[in-house]
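To start, the structure itself, in structure tokens.
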Amino acid sequence: MKIKIFTTISLFAAVLCYILPFLTFKDYSTISGFNLITSLFRRKELHKLSENIQTYVFTSTSVPLLVTFILFITAIVFVAYYQFRKSSKALSGALGAVICAVLSYGVQLSNSQTSITDFFGTILLELKTGDGKTIFKTSEITCQTGSGARLLVIAAFVSLILVSVLKILDTRERNRGDNIQTPWAMAIKQFKRNKLAIVGIFLIFFLIIICFYGPVFSKYSLLKTDILMAKLKPSHEHLLGTDSSGRDILTRLMYGGRISITVGFVAVLLEILLGTTIGGMAGYYSGKIDNMLMRLVDIFLSIPFLPVVIIIGAIMSDLNIPPQRRIYFVMFIIGVLSWPVMARLVRGQILTLREQEYMIAAEALGLKDRRKIVRHLIPNVIPSIIVSATLGIGEAILLESALSFLGLGVSMPFPSWGNMVQAVRDTNDFILRSWLWIPPGICIFTIVLAINFVGDGLRDAFDPKMKK
6 MKIKIFTTIS
16 LFAAVLCYIL
26 PFLTFKDYST
36 ISGFNLITSL
46 FRRKELHKLS
56 ENIQTYVFTS
66 TSVPLLVTFI
76 LFITAIVFVA
86 YYQFRKSSKA
96 LSGALGAVIC
106 AVLSYGVQLS
116 NSQTSITDFF
126 GTILLELKTG
136 DGKTIFKTSE
146 ITCQTGSGAR
156 LLVIAAFVSL
166 ILVSVLKILD
176 TRERNRGDNI
186 QTPWAMAIKQ
196 FKRNKLAIVG
206 IFLIFFLIII
216 CFYGPVFSKY
226 SLLKTDILMA
236 KLKPSHEHLL
246 GTDSSGRDIL
256 TRLMYGGRIS
266 ITVGFVAVLL
276 EILLGTTIGG
286 MAGYYSGKID
296 NMLMRLVDIF
306 LSIPFLPVVI
316 IIGAIMSDLN
326 IPPQRRIYFV
336 MFIIGVLSWP
346 VMARLVRGQI
356 LTLREQEYMI
366 AAEALGLKDR
376 RKIVRHLIPN
386 VIPSIIVSAT
396 LGIGEAILLE
406 SALSFLGLGV
416 SMPFPSWGNM
426 VQAVRDTNDF
436 ILRSWLWIPP
446 GICIFTIVLA
456 INFVGDGLRD
466 AFDPKMKK
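The working numbering puts the first residue of the sequence shown at 6, with every later residue one more than the last.
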């Protein structure tokens, strides 16, 4: 009963965070969460706290923040319904709503590019011209995230943990005495026995949470430089020190992690889409289609990765593609050049599965080819895809880091873990100022190692023969 009460309290706390300040300004009034979601895409003048200071207007772009608010309200309704009716579906709905709310708030916090205000909108300086017209210009202003924005992160994750625990307890209570185990349940049970895989899961989630939600707790902007603060040692003001331009390394480490982790997941998603589609078609239809698609796979496998990337990097430099957009090309390149391995894996699995009895029965029933592939073949290949994709994420992160280290990926001033290491070129800095390159190096090592732990655990869970 206590867990239900704590869950409800945490959900209400997440909603009440919206009445607290989300942005605080020097010499100007604060902006609360409710102000952000009720004044979307409207210019709102900041209230001055003293005379003879400049006029600023703020435009809220906090649509994901509004979605987060609605989802938390929805979760409260589902939990209340569960308490009265003991409905398992209501609890599942609450868990889904909280997960979506956490993700939505993460999307909101991913908006920041240059200054802290970018989390929730844009701020402009209002000026009067000689002929009486009003113009707006971009301008820096002293700003920090407020207590509401920070407490919402804590309340959101506490709510997620409590609702998850409530769902687990409810499922155990309903399945008490039921000894029937599905293949997925058996795989999960086997996965839990692998302690290194569990450690890997926690490390991955920890790094993701720090990178995507941690910047809201930082008082430093991403790109603002201060040459007087350059290369400072770690201290209570800058926990990991500052770089050669006076920027806080911890803040840039979190932003850089966003890029490196996103590249890994998006590139592997593209790899799965292309590899599963082409491999599935080749394995099912065989014959001429299989021969043609496999020759296409051979062509892509014969493409030398590094020379192609160097050529594309030179083209991007000649075209003056902005640094923040080069990351999309990196994702595309890694995904497109990695899918042939996935295609071969899926093809081999389907060549084996299509001879099974259930496929013969599907053929006798006259099911269409698309239905047989989508409903019967691909689901049975999913375990192998999951294992391969998990290990592929680590490889993609390493590739992105290597490309950025070589100057072919994300370019300065926007950080990634790879180019943060590459930025240390001076031998003295490398030896005497280790705080400039060791933190991103440790992050790369940790997340790739954690992903490999999880991949090995999934492999052992889905295919115990591999362990032998």
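All residues carry an ideal CB built from backbone N, CA and C; glycine is no exception.
The residue among Gly98, Phe334, Arg352 with its C-alpha nearest the C-alpha of Thr267 is Phe334. Here DSSP, grouped into helix, strand and coil, assigns Glu360 to coil. Checking the DSSP bridge columns, you'll see Arg48 partnered with Thr64. By the criterion of a C-beta distance shorter than 7 angstroms, Leu114 is surrounded in its chain by Phe124, Phe217, Tyr218, Pro220, Val221, once the five residues flanking it on both sides are discounted. Taken through DSSP and simplified to helix, strand or coil, Phe435 comes out as helix. Counted as a single uninterrupted DSSP element, the beta strand (DSSP E) harbouring Ser34 occupies residues 33-37. Ala369 is classed as exposed because its beta carbon has fewer than 16 other beta carbons within 10 Å across all chains shown. For Lys238, there is no enclosing beta strand (DSSP E), as DSSP marks it with neither H nor E.
The segment 369-387 makes no contact with the segment 234-251: fewer than 3 CB pairs, one atom from each, lie closer than 8 angstroms. The shortest C-alpha to C-alpha distance from Glu242 to any of Phe458, Leu70, Asp253 is the one to Asp253.
Per DSSP, Lys224 lies in no beta strand (DSSP E) and is assigned neither H nor E.
Distance from the CA atom of Val273 to the CA atom of Ile166, rounded to whole angstroms, is 28 angstroms. By alpha-carbon distance to Ile332, the top candidate from Leu413, Asp175, Leu301, Gly292 is Leu413. With contacts defined as CB atoms closer than 7 angstroms, Leu279 and Ile391 fail to qualify as a contacting pair.
The shortest C-alpha to C-alpha distance from Ile277 to any of Asn40, Ser393, Phe27 is the one to Ser393. In its chain, beyond the 5 residues on either side, Leu25, Pro26, Phe27, Leu28, Thr29, Thr35 have a beta carbon closer than 7 angstroms to the beta carbon of Gly151. Relative to Ile402, the option among Phe89, Trp422, Met417 whose CA is nearest is Trp422. In the DSSP assignment, Ile146 falls outside any beta strand (DSSP E), carrying neither H nor E. Counting C-beta pairs with one atom in each stretch, the segment 156-174 and the segment 13-20 have three or more that are closer than 8 angstroms, which means they touch. When rounded, the separation of the alpha-carbon atoms in Ile58 and Leu51 is 11 angstroms.
Nearest in C-alpha terms to Lys49, of all of His381, Val62, Gly38, is Val62. Pairwise C-beta distances place the segment 447-462 out of contact with the segment 298-309, as fewer than three of them are shorter than 8 angstroms. Rounded to whole angstroms, Ser37 and Phe74 show a C-alpha spacing of 13 angstroms.
In the DSSP assignment, the residues bridged to Thr247 are Asp253.
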